[in-house]
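What follows is a single structure, written as structure tokens, with notes after it.
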Amino acid sequence: MLLARRRLVVAVAAATVLLTAAVLAVVPRTWTASSDIYVDYKNTDPIAGRLFSSGQDESYLQTQIDIITSQAVAERVVDNLGLRRTAAYQESVAKVGEDRAYAQLIRAIGENTRAANRRNSRVIEVAFDAGSPADARDYANEIVRSYMALSAQIASSAARSRSEQYNAQLEKLRAEADRIQNELTRYQREAGIVNINEREDVLTSEISSLTAALVAVQNQRQEALGRQRATDALLRSTRPEELPEVSGQPAINDLKSKLSDADRRLSEVTGVLGPNHPRVRSLVAERDALRARIAGEAGAAVAAQRLDPGRLAAQEAELRREIGERQRRLLAQKEQRDRIAAYQRELEGAERVYNAATQKYDELLMAGNISAVNLTVLRAAETPTAATKPKVLPSLAASVVVGTALGLVLALLLEFGRRRLRSRDDLMRGFPLPVLGQIG
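In this text, residue positions in the sequence shown follow this note's numbering: the first is 1264, and each later residue adds one.
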């Protein structure tokens, strides 16, 4: 029965093919141009100092794909190609306004941009669909250029931001070091310190000398006290001029010698002259005067000897005072030295931190000139020679299949809807009458 409807099937299939051909002729053609980019990045980020592992490849490449299809890249494409100066854009602005027209343009670029990477590969294919071969080529190449420029800007922006942060930190560290240096200088000026170690050495030497002198005076005082006690004991049984310390003095010895001479001369004249003779009386007076002088000198010597312990005690007290004063000065200078040493340690620490930060800053400046991402265009987009949409041959082949199927379905529907007698079985099912005969 389908053979009886074969003309219908062929007609429907032919109509479907013709309709498809007509639609293909009317539908605008889409041209696609593509470019390949090799994305390589360093294992270490010179800006942040992070390490990249191989397991982050997919995540990193997906991030690059998102950047390629981002609005930032689309905006760069619009500016670089001057799309806002085109007649089509101006017409769109007149219809919907500047903001909506610009948003539609950005959205259209994003929708027509495709980026994908091959499995286990760092090559990203960037494709763009346009209404003409030249537009497809120009847009694809400009998207690649804009993406590379944006990547470089992101890298330099990160380096610049980190550099500004380090610069601000360096200024703080330098200011801190200068503050400590100024405080150290001010303290040294207020304390009048030039070379504290030299002053400590002088004070230490003076204290040592005074201590030695104090020990000597203490010994002399003890000796003087001993002599005084011995003299007091002797004075209970003898005259002062007979003391060993007194009799050995040159002045007393001289007076004793004169007294002996006077006694000798007096004894010579006593046997010849009377006691009232002027000569005798003169010698007696001379003798008495010498004895008085000897007694006076001896008394003065004993008195001087009694003054020695007090004089030595005063010297000892003065030496103790001078030693104490120098010890206080030495302690004060040690405190000053400790404070200066604390300032110096603080200054050295601040300068060490500053120098380390300066070295890191120099490394950062060098790293800022080295991009962490290395992008290479392996294949620039070329003018496509054939449209990617619509696909003519596949569409026509599909229309043949679809048209044939539609023809068959229509033939079956007509056959079941308007049944015809085509065999003995059809007659027997349709009319319950005996068959008298059959022709053919």
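Where is the CB? At the ideal position from N, CA and C, for every residue including glycine.
Values in this document were obtained by computation on a predicted structure and should not be read as measured data.
Report the three-state DSSP secondary structure of Asn-1637 (helix, strand or coil). strand
Ala-1390 and Ser-1333 look like a contact to me (Cβ under 8 Å); what is the Cβ gap, rounded to whole Å? With a Cβ gap of about 16 Å, Ala-1390 and Ser-1333 do not count as contacting.
Cβ separation of Glu-1579 and Val-1480, assumed to be a contact under 8 Å, to the nearest whole Å: 5 Å
In angstroms with no decimal places, state the Cα-to-Cα distance between Ile-1387 and Ile-1417. 19 Å
Where Arg-1602 sits in the DSSP three-state scheme: helix
Could you pull the start and end residues of the beta strand (DSSP E) that Asn-1383 belongs to? Neither: Asn-1383 is in no beta strand (DSSP E) and is coded neither H nor E.
Which of the three DSSP states, helix, strand or coil, is assigned to Glu-1388? strand
Figure out for me which residue from Thr-1293, Trp-1294, Tyr-1301 has the closest Cα to the Cα of Leu-1641. Tyr-1301
Quick check on Arg-1642: does DSSP put it in helix, strand or coil? strand
Between the alpha carbons of Gly-1612 and Gln-1444, how many angstroms are there, rounded? 12 Å
Alpha-carbon to alpha-carbon, Pro-1291 and Thr-1279: 20 Å
Going by the DSSP bridge assignment, what does Lys-1652 pair with across the sheet? Thr-1293
Secondary structure at Ser-1298, three-state DSSP: helix, strand or coil? strand
With distances taken between CB atoms, is the gap from Ala-1226 to Leu-1659 smaller than 8 Å? With the chain covering only 1264 through 1703, there is no way to say anything about residue 1226.
To the nearest angstrom, report how far apart Glu-1374 and Leu-1638 are at their CA atoms. 24 Å
Between Trp-1294 and Ala-1650, is the Cβ-Cβ spacing less than 8 Å? yes
Bridge partners - Ala-1393, DSSP secondary structure assignment: Trp-1294
Expected contact under 8 Å - CB spacing of Ala-1647 and Ala-1371 to nearest Å: Note that residue 1647 is Pro in the sequence shown, not Ala. Their Cβ separation, rounded to whole angstroms, is 19 Å, which puts Pro-1647 and Ala-1371 out of contact at 8 Å.
When DSSP builds the beta bridges, which residues end up paired with Asp-1303? Asn-1637
Taking the Cβ atom as the reference point for each residue, do Leu-1447 and Leu-1610 lie within a distance shorter than 8 Å? yes
Separation of Gln-1432 from Ala-1422, as counted between CA atoms: 15 Å
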